[in-house]
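Trainee: Here it is, the structure, as structure tokens.
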Amino acid sequence: MMRIDCLLAGVGGQGTVLASKIIAQTAISNQCFARTSETIGMAQRGGCVVSHVRIGDQNCSPAIPLGMADLIIGFEPAEALRNIGFLKPDGQLLVNSKPIIPVTSSLGGNSYQAADIIHYLQSTRRQVVFVDGQRLCAAAGTAKVLNVIMLGVAIKQQLLPFSREEVLQTITENLPAKFLELNKKALEIGYNFQQYV
Numbered sequence: 001m002m003r004i005d006c007l008l009a010g011v012g013g014q015g016t017v018l019a020s021k022i023i024a025q026t027a028i029s030n031q032c033f034a035r036t037s038e039t040i041g042m043a044q045r046g047g048c049v050v051s052h053v054r055i056g057d058q059n060c061s062p063a064i065p066l067g068m069a070d071l072i073i074g075f076e077p078a079e080a081l082r083n084i085g086f087l088k089p090d091g092q093l094l095v096n097s098k099p100i101i102p103v104t105s106s107l108g109g110n111s112y113q114a115a116d117i118i119h120y121l122q123s124t125r126r127q128v129v130f131v132d133g134q135r136l137c138a139a140a141g142t143a144k145v146l147n148v149i150m151l152g153v154a155i156k157q158q159l160l161p162f163s164r165e166e167v168l169q170t171i172t173e174n175l176p177a178k179f180l181e182l183n184k185k186a187l188e189i190g191y192n193f194q195q196y197v
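Going by this note's numbering, the sequence shown opens with residue 1, and the numbers climb by one from there.
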């Protein structure tokens, strides 16, 4: 039986919750139990968003305990780092390397040390896959599909226990028709990604 605890972390507007719902629905379509839980920051856009997806265990809470996530998908480097305490010692990280500098940092005069964050994530001795989300979104024509691009990468890297066809079926059945072609393209872009770090 499929069993995985996946935490998705990003900021408002990156599609974190939608990505978690696609993962959960794909598991359900494969006759696996799945549940999700979200924590959303105060700002709709720019606030912290964390989604928990738990697949395969009907007796667990919706939230992943600290140190128990098999995978963290970080749509933003600082958010991946902020949630790293949830990751198992042998857990895996998939991280978009393009930072989104929070308003609090720019207003307060604090610097956002993206290079230091990425270096620290690399030094955790966990499997880390970095994605140039900005470049891949440019290939798709919009930053709004980063979430689906990241799912494509996760499938190709075998970080999620689904096939591209299974996720594509979920997208086809659950997203509005006017967004289908764009999201299909995004999934392919992520699936064909070559790691650059």
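The C-beta atom is built at its ideal place from N, Cα and C for all residues, glycine as well.
Bridge partners of C48, per DSSP?
Mentor: Numbered from its first residue, the sequence shown carries residue 48 at position 48. Paired residues: V11.
Trainee: Confirm, please, whether the CB-CB distance from L94 to L187 is below 8 Å.
Mentor: For the purposes of this step, residue 187 is taken as the residue at position 187 of the sequence shown. For the purposes of this step, residue 94 is taken as the residue at position 94 of the sequence shown. No; because the gap between Cβ atoms is not below 8 Å, this pair is not in contact.
Trainee: Give me the Cβ distance between A69 and I117, rounded to the nearest whole Å; I'm assuming they're in contact under 8 Å.
Mentor: As a first step, residue 69 is located in the sequence shown; it is residue number 69 there, counting from the start. As a first step, residue 117 is located in the sequence shown; it is residue number 117 there, counting from the start. Incorrect: roughly 18 Å between the Cβ atoms, too far for contact.
Trainee: Output needed for A63: all residues of its chain with C-beta closer than 6 Å, excluding positions within five of it in sequence on either side, in chain order.
Mentor: In the sequence shown, residue 63 corresponds to position 63, counting from 1. The answer, listed in chain order, is S37, H52.
Trainee: Got a sec, what are the start and stop residues for the beta strand (DSSP E) I73 sits in?
Mentor: Within the sequence shown, numbered from 1, the residue matching residue 73 stands at position 73. 69-74 is the span of the beta strand (DSSP E), which, as asked, contains I73.
Trainee: Does D57 come out as helix, strand or coil in the three-state DSSP assignment?
Mentor: Looking up residue 57 in the sequence shown gives position 57. Coil.
Trainee: Give the single residue among L136, Q113, E166, L121 whose Cα lies nearest to the Cα of K185.
Mentor: In the sequence shown, counting from the first residue as 1, residue 185 sits at position 185. Of the candidates L136, Q113, E166, L121, the one whose C-alpha sits nearest the C-alpha of K185 is L136.
Trainee: By DSSP, does I4 sit in helix, in strand, or in coil?
Mentor: Taking the first residue of the sequence shown as 1, we reach residue 4 at position 4. I4: strand per DSSP, three-state reduction.
Trainee: For the stretch 143-151 against the stretch 124-135, do three or more pairs of beta-carbon atoms, one drawn from each stretch, fall closer than 8 Å, so that the two count as touching?
Mentor: Touching, yes.
Trainee: Are there 16 or more other CB atoms within 10 angstroms of the CB of L87, so buried, or fewer, so exposed?
Mentor: The sequence position of residue 87 within the sequence shown is 87, counting from 1. It counts as buried.
Trainee: Given P81, which residues of its chain have a CB within under 7 Å of its CB, disregarding the five upstream and five downstream residues?
Mentor: Here the question's residue 81 lines up with position 81 in the sequence shown. Residue identity differs from the one stated: residue 81 is Leu in this sequence, not Pro. So the qualifying residues of the chain are I117, Y120, L121.
Trainee: For I40, which three-state DSSP category applies?
Mentor: Walking along the sequence shown from the start, residue 40 turns up at place 40. If DSSP states are grouped into helix, strand and coil, I40 belongs with the strands.
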